[in-house]
Amino acid sequence: MNLYYADGARQLGPIDKTELQTLIKAKKIDSKTLVWQPGMTEWQALGRFVRRKTQGAAQSVQPAPPVRQALCSECGQAFAEDDMIRFSDVWVCAGCKPIIVQKIKEGVTVSGVMTYAGFWLRLGAWFIDYIILGIASAIIYLPMTFMGVFSFDRPAVFVTFQLITTILNFIIPAAYESWFVGKYAATPGKMACKIKVVMADGGQVSFARAIGRHFAKYISGLILGIGYIMAGFDDQKRALHDRICDTRVIKSGEI
Ligand SMILES: [Zn+2]
-6 MNLYYADGAR
4 QLGPIDKTEL
14 QTLIKAKKID
24 SKTLVWQPGM
34 TEWQALGRFV
44 RRKTQGAAQS
54 VQPAPPVRQA
64 LCSECGQAFA
74 EDDMIRFSDV
84 WVCAGCKPII
94 VQKIKEGVTV
104 SGVMTYAGFW
114 LRLGAWFIDY
124 IILGIASAII
134 YLPMTFMGVF
144 SFDRPAVFVT
154 FQLITTILNF
164 IIPAAYESWF
174 VGKYAATPGK
184 MACKIKVVMA
194 DGGQVSFARA
204 IGRHFAKYIS
214 GLILGIGYIM
224 AGFDDQKRAL
234 HDRICDTRVI
244 KSGEI
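For the sequence shown, the numbering used here assigns the number -6 to the initial residue and increments by one for each residue that follows.
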């Protein structure tokens, strides 16, 4: 096989097929590792290299449509993608699926695989954010209170500031959440609980979606917060607002 692979800045090899599988099994290399073989013009990610190779082989042997293959992240063997299961970023063969599922259940962080954060962890994050927002609001409203704007003896001022605070009560939490989620994928509360908000495929949530998700939470809050409780019963632990916005809340260990 005469395959070379990159380990940081080092170039290692050549290795044969058996050695390659051993390295994948030992998690020394994965589908993203750059590999090179004599005859190739440039280095390529291993996943892509394997896919190209199997496609090329299939085309030269028979005119039938090429079978797309991928490497199992657990055992390192190549299988047709149709026979495999995809976990966010990695492929797992049917034989290894139970092992991966068990690992996820046990809360082991599997590289490239998303571990969804459950109801209680999310509630903890919510509580921290609630305290932070409470303090922030108090700092904003306290001077107004001292200015006497909440007293009834000046109706025009009172009504104006009531209006302003009502609007701020909507805007401050929305700005807080969408800014942090759009920029860091997590509010300070979520960061403290080591969880984050991502797209279904693990990608980053945009500011616009983060704002939409914030207001979708109003819907989740209806009927005794049933939209929040849904997270406890969903296989991907999605709350109603996650379903609406196609987001997931995951543990932010590995990814
Ligand atoms: Zn496998």
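Heads up, the beta-carbon is just placed ideally off N, CA and C, and yes, glycines get one too.
All figures in this text were calculated on a predicted structure; none of them were measured in a lab.
Do residue j and residue i have their beta-carbon atoms positioned less than 8 Å apart in this structure?
| i | j | result |
| --- | --- | --- |
| residue 93 | residue 74 | no |
| residue 125 | residue 218 | no |
| residue 33 | residue 9 | no |
| residue 150 | residue 178 | no |
| residue 44 | residue 63 | yes |
| residue 212 | residue 234 | yes |
| residue 175 | residue 200 | yes |
| residue 187 | residue 245 | yes |
| residue 107 | residue 195 | yes |
Using DSSP bridges, identify the partner residues of residue i.
| i | result |
| --- | --- |
| residue 192 | 240 |
| residue -4 | 8 |
| residue 229 | Beta-bridge pairing links residue 229 to no other residue. |
| residue 109 | 243 |
| residue 29 | -3 |
| residue 62 | 73 |
| residue 84 | 65, 79 |
| residue 38 | 27 |
| residue 3 | 0 |
To the nearest whole angstrom, what separates the beta carbons of residue i and residue j, a pair I think is in contact under 8 Å?
| i | j | result |
| --- | --- | --- |
| residue 184 | residue 240 | The Cβ separation is near 17 Å, so there is no contact. |
| residue 109 | residue 230 | 4 Å |
| residue 88 | residue 14 | Going by Cβ atoms, the distance from residue 88 to residue 14 rounds to 14 Å, so no, they are not a contact pair. |
| residue 203 | residue 221 | With a Cβ gap of about 17 Å, residue 203 and residue 221 do not count as contacting. |
Short of 8 Å in beta carbon distance, which residues of its chain neighbour residue i, apart from the five on each side in sequence? Order them along the chain.
| i | result |
| --- | --- |
| residue 90 | 78 |
| residue 158 | 134, 137 |
| residue 76 | 86, 87 |
| residue 38 | 24, 25, 26, 27, 28 |
| residue 162 | 130 |
| residue 209 | 233, 234, 237, 238 |
| residue 214 | 220, 221 |
| residue 31 | -5 |
| residue 11 | none |
Whose C-beta lies closer than 6 Å to the C-beta of residue i among residues of the same chain, with five residues either side of it excluded?
| i | result |
| --- | --- |
| residue 29 | -3, 36 |
| residue 47 | 62 |
| residue 112 | 224, 225 |
| residue 207 | 167, 170, 171 |
| residue 180 | 122, 170, 173 |
| residue 1 | none |
| residue 16 | 22 |
Which residues in the same chain as residue i place their Cβ atom closer than 7 Å to its Cβ, once the five residues preceding and following it in sequence are excluded?
| i | result |
| --- | --- |
| residue 205 | 238 |
| residue -1 | 26, 27, 36 |
| residue 117 | 186 |
| residue 18 | 68, 69 |
| residue 243 | 107, 108, 109, 110, 188, 189, 191 |
| residue 4 | -3 |
| residue 114 | 186, 188 |
Spell out whether any CB of chain D is found under 8 Å from the CB atom of residue i.
| i | result |
| --- | --- |
| residue 244 | The structure shown contains no chain D; it is built from a single protein chain. |
With a threshold of 8 Å, are at least 3 pairs of Cβ atoms found where one atom belongs to the region 225 to 232 and the other to the region 159 to 170?
Touching, no.
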